[in-house]
Every structure is written in structure tokens, then in C-alpha cells.
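Q: So the protein sequences, as listed, match chains L and E.
FYI, the numbering used here numbers position 265 of the first sequence as 294, with every residue one higher than the one before it.
FYI, the numbering used here numbers position 49 of the second sequence as 62, with every residue one higher than the one before it.
Glycine included, C-beta positions come from ideal geometry on N, C-alpha and C.
The structure that follows is given in the form of C-alpha cells.
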Amino acid sequence: MGILAKACPPGDPGFCPPGVDEFYPKPIFEFTVAGIDFQVTRIMLLSWLVTVAIIALLVAAVRRPQLVPDRLQWMGESAYLFVRDGIAREVIGREGLKFAPYLATVFLFILGNNLLGIVPFAQIAPTAKIALPAFLAILSWILFNWVGIRRHGFIGYLKPIFFMPGVPKPMYILVTPIEVFSTLLVRPFTLAVRLFANMFAGHLLLLVFTLGAAYLITVGNISVVFAPVSFAMAIIMTFFELLVAALQAYVFTILTATYVAGALEEAH
Amino acid sequence: MTEGRQPGGSPGAGAGWAVLATLIAGMAVWGGIGWLLDRWLSTRAFLPIGVIVGVASAIYLIVVKYGK
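Next comes the structure, spelled out in C-alpha cells:
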């Protein structure tokens, strides 16, 4: 169990449930730049590894494109077309093609990072640390606001948010803060937290069931009958994590596309 | 405004989530303003009043935005 969690102080015979320490492994490498401390942990290394793997796979897929694609090219094309047709074109419409590369990048990046949660020897999703989803959400926020401002001008973009059409003037006082809050503030926050919380909770669940099974096997009393239950739950939750990983990547991407579509369309 | 356009999900699901988000945002914003007023004036009543005002405004906003 070298890589797995060790939260128990030595000599403690009970079960020590995994905690937040799981997400702060010993750093491999630390440095300071301009007074800010940076740590390179195995979680970061995993994220870099996945990035390199995705780039390598996609580059290899389009290296020598043939009219009748071979399997790698077909898989690469399917992955990209899934996002381009199913998300970008479907949600944004004709203009979606411009955003398809970014959306495909976000989708594949989040998917790769999420899947690390169930890959052996890695077994933690880098997206389970809030910084990564937060930054991706900030990027999505910048994107949809930038697109809206570029399309309608700064005033033209903010006007329908601040002064909703169809609302009598005195109601603006009540309604505008809600609109501003839910359009400009809540969206990036929920994008980040949705992804982070799903990955965080999934990781903790898998840890509890796996470590619980290991503990129950070694504890030496009647509780050992529950070890297979715990182990079966660990297997079931691993498959569930597979579903959640893919779903969260999809939801993040399609919500970003929806916000971009909303920013583009405001035609009154 | 063509809000609630559905990208292949169940029809109206997107508008449903947006309605829920608006309700929660209304409660949060006006509840927050009520809470800040309470701290400033050392009262206790503005928080629930703020939440109720928020819910009412959010419902009004939903009817304007998503109603026919």
C-alpha cells in the first residue's frame, strides 16, 4: 500500500478514515518565485502526464491522414467531432465552429484528468483540487463575457443584463441585482464547484471503501465478513466514477457552450 | 429572448435549471443585502425580509423571462 493513504498515527489499532490530507501529498519539488511558494506534487505530475498523453495521441491520430481512416485516426476524429457536432454546433449553431477547438480541448483535458481518478497507480484526479476547476471556470467566464462584449459592445452586452426588457422601471431595483449575480457571478462559481465537488467526493468514496476493505481483512475479528461487501462496493464505485468522470467533462463543456451561445444571441 | 433552447437534453430541462438558479440567486442576493443591513443596524428582521423580497423578485423575474 505504498502509494495509498496513510492517515493513521503508528500504534493506532483502529480504522483511520481518509481525510483531506489525501489531497496534499508530500511535494516532490518546491521552489519560490517572487515570494510565492510553488510545490510540485505527484498530483501535478499526473496532470502534466495526461496533458502530454492527450497531445501525443491527437498528434499521432492526424499525422498521416488517409481518406479511409485507420483506427487511431478514426478515434481522434470521433473525439473531436463529438465535441464539434454534438456540443459546439448543436448549442451555438453555425458560429459554433469557431469555438469547437477550445471546447474540444477543455473536454478532453477535463476527461483525461478526471479519468486519472480510477487509473491504477495514479488514482487521484487532479481536478479534485479546486485550483484546476477554478481556473478552467475563470477561462470559461472570460470567454463568454469577451465574446458577448465583442459582439454587442460593452454597453450593448451589459444593458440587457442590467436592464432587462419587459420589466417596468421600478422593478429594476429588485430584479437587476439578481440578474447580475446569477449571470456574472454564479456561473463561474457553479462551473468550478460542480466539477471539483464531484471529483473530490468520488475520490474520498473510493478511498473509504478500498481502505475499509483492506482494514477489515486484517482486523482479525468477526468484522472480516464485511470485507467482501466493502470490496464489492469499491468495484461498483469505480465503475460509477468512470461514468461521473465522463459526465462531468461533458457537462462543463456543454455549459460553457451554452453560456457562449447566450452571450452571442442577445438580440432584442 | 430564446432562452431554454435544448441541446438534445429533455425539453425544458435547461430552462428548469435556470429557473432554480434564479430563485437561489434571488434569495442569496436579497438575503445577503438583508443580512448586511442587519449587521449595520443591529436588527434581526431584515434577513428574513430580504429573503422573502428575493424570492418574490426572483419569481417575478422568472415569469418575465421564461413565461409566455
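Could you please tell me which residues of the region 44–59 of chain E, in chain order, have their CB closer than 8 Å to any CB of chain L?
A: Ile46
Q: From which residue to which residue does the beta strand (DSSP E) around Val62(L) run?
A: Translated into positions along the first sequence, residue 62(L) becomes position 33. Val62(L) -> beta strand (DSSP E) spans Phe58 to Val62.
Q: Go to Phe67(L), then tell me how far its beta strand (DSSP E) extends in each direction, as first and last residue.
A: Start at 1 with the first residue of the first sequence, and residue 67(L) comes out as number 38. Judged by DSSP secondary structure, Phe67(L) falls within the beta strand (DSSP E) whose first and last residues are Ile65 to Val69.
Q: Please compile the residues from chain L whose C-beta is within a distance smaller than 8 Å of the C-beta of Val68(E).
A: As a first step, residue 68(E) must be located in the second sequence, where it is residue number 55. Those do not exist, as Val68(E) stays about 10 Å from chain L at its closest Cβ, beyond 8 Å.
Q: Could you tell me the boundaries of the alpha helix (DSSP H) in which Val209(L) lies?
A: Taking the first sequence and counting its residues from 1, one reaches residue 209(L) at position 180. Note, Val209(L): alpha helix (DSSP H), Tyr201 to Val209.
Q: Could you check whether the Cβ of Leu74(E) sits closer than 8 Å to any Cβ belonging to chain L?
A: Stepping through the second sequence from its first residue, residue 74(E) is reached at position 61. With 8 Å as the cut-off, Leu74(E) counts as an interface residue toward chain L.
Q: On the DSSP letters alone, give me the boundaries of the alpha helix (DSSP H) that Pro61(E) sits inside.
A: On the second sequence, residue 61(E) is found 48 positions in, with the first residue counted as 1. Start and end: Phe59 to Tyr79.
Q: Specify the secondary structure class of Pro130(L) as computed by DSSP and reduced to three states.
A: Position 101 of the first sequence, counting from 1, holds the residue named residue 130(L). Here Pro130(L) sits in helix by DSSP.
Q: What did DSSP end up calling Ile37(E) once you bin it into helix, strand or coil?
A: The count along the second sequence starts at 1 and reaches residue 37(E) at position 24. Ile37(E) falls in the helix class under three-state DSSP.
Q: When burial is assigned at 16 or more other CB atoms within 10 Å of the CB, is Leu172(L) buried or exposed?
A: As a first step, residue 172(L) is located in the first sequence; it is residue number 143 there, counting from the start. Looking at its Cβ environment, which holds 16 or more other Cβ atoms inside 10 Å, Leu172(L) is buried.
Q: Taking a contact to mean a Cβ-Cβ separation below 8 Å, would you say Ala38(E) touches Ser169(L) in this structure?
A: For this step, residue 38(E) is matched to residue 25 along the second sequence. For this step, residue 169(L) is matched to residue 140 along the first sequence. No, these two residues do not count as a Cβ contact at 8 Å.
Q: Under three-state DSSP, which class holds Ser55(E)?
A: Position 42 of the second sequence, counted from the start, is the residue given in the question as residue 55(E). DSSP places Ser55(E) in coil when its eight states are reduced to three.
Q: Taking Cβ-Cβ distances shorter than 8 Å, what residues in chain E pair up with Phe210(L)?
A: Within the first sequence, the letter at position 181 stands for residue 210(L). Correct list: Ala38, Ala41 and Val42.
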